[in-house]
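Colleague: In my numbering, the protein residues as written are 40 to 295.
Quick one: the structure is below, questions incoming.
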């Protein structure tokens, strides 16, 4: 498979593994990607996901060699499989950290933005290159980028098709932090380990709150919060957290 998974201590590291083509994503890989994320969603041993690429690059987007083939029906199928791939990342209830080195282009950039956090190399190169090959954006690229940087800056990045460095990504606000090349995966896994030891259900519900927020009024947010908190008080982790606080010790969360 070109999408590989390694699970260790509650952290699943998903690697896009096609380094000879800078991890360009084929049609077959889109299906693999979706299957991997759906299986991790259902795996209670996995509490956090780190998404990265092999060979010093995150991914060079969709494989251009497969574009323009198959007519209207074939291209419609390609688009739907791409959409399912992006949704599999965006809709998982587990924290996802994208560890980005090298190029991160097109739909790969969208996948990184669909994650909860981006940790990148200082010299990482993000790009929406759609305009360079006469395409509109795909993978909800514009919607995802606009949420992070605002409509005007998102348009500038998309209209120009320019590269954005890792350090600029942090200054614009769509990456959390940048580190020297070669240290990205280690930093992402370090961050993932802290989440793996956290109360899993609480993190998943906090993620739901953030995901729902853009379409909510204040009243909607408070009502949603009311329902979520009622659920949380029945969890083992809530009881462990409050007991540990009273006993002045470190809590041992189980994700239940």
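The beta-carbon is built from N, C-alpha and C at its ideal position, and this holds for glycine as well.
Being a predicted model, the structure only gives us computed values, none of them experimental.
In the DSSP assignment, what residue or residues form a beta bridge with residue 249?
Modeller: Indexing the chain shown from 1 puts residue 249 at position 210. According to DSSP, which records beta bridges pairwise, residue 249 is partnered with nothing at all.
Colleague: When you compare each of 74, 42 and 87 to residue 50 by their alpha carbons, which one comes out closest?
Modeller: Numbered from 1 along the chain shown, position 11 holds the residue referred to as residue 50. Closest option to residue 50, Cα to Cα, is 87.
Colleague: What residue range does the alpha helix (DSSP H) around residue 227 cover?
Modeller: In the chain shown, residue 227 corresponds to position 188, counting from 1. Counting along the chain, the alpha helix (DSSP H) containing residue 227 begins and ends at 223 to 235.
Colleague: Quick one: give me the first and last residue of the beta strand (DSSP E) that residue 293 is part of.
Modeller: If you number the chain shown from 1, residue 293 lands on position 254. Premise fails: residue 293 is in no beta strand (DSSP E) and is neither H nor E.
Colleague: Where residue 168 and residue 69 are concerned, what is the direct C-alpha to C-alpha distance, given to the nearest angstrom?
Modeller: Locating residue 168 in the chain shown gives position 129, counting from the first residue. Locating residue 69 in the chain shown gives position 30, counting from the first residue. About 19 Å.
Colleague: Going by C-alpha distance, which of 64, 132 and 102 is nearest residue 238?
Modeller: Within the chain shown, residue 238 is the residue found at index 199, counting from 1. Ranking 64, 132 and 102 by Cα distance to residue 238 puts 132 first.
Colleague: Quick one: what's residue 296 bridged to in DSSP?
Modeller: Only positions 40 to 295 of the chain appear in this structure, which leaves residue 296 out of reach.
Colleague: May I ask you to report which of helix, strand or coil DSSP gives residue 49?
Modeller: The residue given as residue 49 occupies position 10 in the chain shown. The answer is coil: DSSP assigns residue 49 none of H, G, I, E or B.
Colleague: When you compare only the Cα positions, how much space is there between residue 153 and residue 231?
Modeller: Looking up residue 153 in the chain shown gives position 114. Looking up residue 231 in the chain shown gives position 192. Cα to Cα, the separation comes out at about 16 Å.
Colleague: Hey, how far is the Cα of residue 74 from the Cα of residue 274?
Modeller: Your numbering for residue 74 matches position 35 in the chain shown. Your numbering for residue 274 matches position 235 in the chain shown. Rounded to whole angstroms, residue 74 to residue 274 spans 29 Å at the Cα level.
Colleague: Residue 215 lies in the beta strand (DSSP E); which residues open and close that run?
Modeller: Residue numbering aside, residue 215 sits at position 176 when the chain shown is read from its first letter. Here residue 215 belongs to no beta strand (DSSP E), and DSSP marks it neither H nor E.
Colleague: Report the rounded CA-to-CA distance for residue 116 versus residue 272, giving the unit in angstroms.
Modeller: Position 77 of the chain shown, counted from the start, is the residue given in the question as residue 116. Position 233 of the chain shown, counted from the start, is the residue given in the question as residue 272. Rounded to whole angstroms, residue 116 to residue 272 spans 44 Å at the Cα level.
Colleague: Check the C-beta distance from residue 138 over to residue 91 and give it rounded, since I have them as a contact under 8 Å.
Modeller: In the chain shown, residue 138 corresponds to position 99, counting from 1. In the chain shown, residue 91 corresponds to position 52, counting from 1. Correct: roughly 4 Å between the Cβ atoms.
Colleague: Using 10 angstroms around the beta-carbon of residue 288, count the other beta-carbons present and answer buried if the total reaches 16, otherwise exposed.
Modeller: Taking the first residue of the chain shown as position 1, residue 288 is located at position 249. Classification for residue 288: exposed.
Colleague: Counting only runs of 4+ residues fully inside the segment 249 to 276, write out the alpha helix (DSSP H) ranges in chain order.
Modeller: 257 to 271, all fully within the segment 249 to 276.
Colleague: Near residue 156, what residues of its chain come up, given a Cβ to Cβ distance below 6 Å and the 5 sequence neighbours on each side ignored?
Modeller: Locating residue 156 in the chain shown gives position 117, counting from the first residue. Correct list, in chain order: 136 and 215.
Colleague: I'd like the span of the alpha helix (DSSP H) that includes residue 152, first residue to last.
Modeller: Here residue 152 is taken as the residue at index 113 of the chain shown, counted from 1. Here the alpha helix (DSSP H) through residue 152 covers 146 to 153.
Colleague: Ends of the beta strand (DSSP E) at residue 90?
Modeller: If you number the chain shown from 1, residue 90 lands on position 51. Segment 87 to 92, the beta strand (DSSP E) holding residue 90.
Colleague: Using 8 Å as the Cβ pair cut-off and three pairs as the minimum, do the segment 93 to 106 and the segment 138 to 150 touch?
Modeller: Contact holds: three or more Cβ-Cβ distances are below 8 Å.
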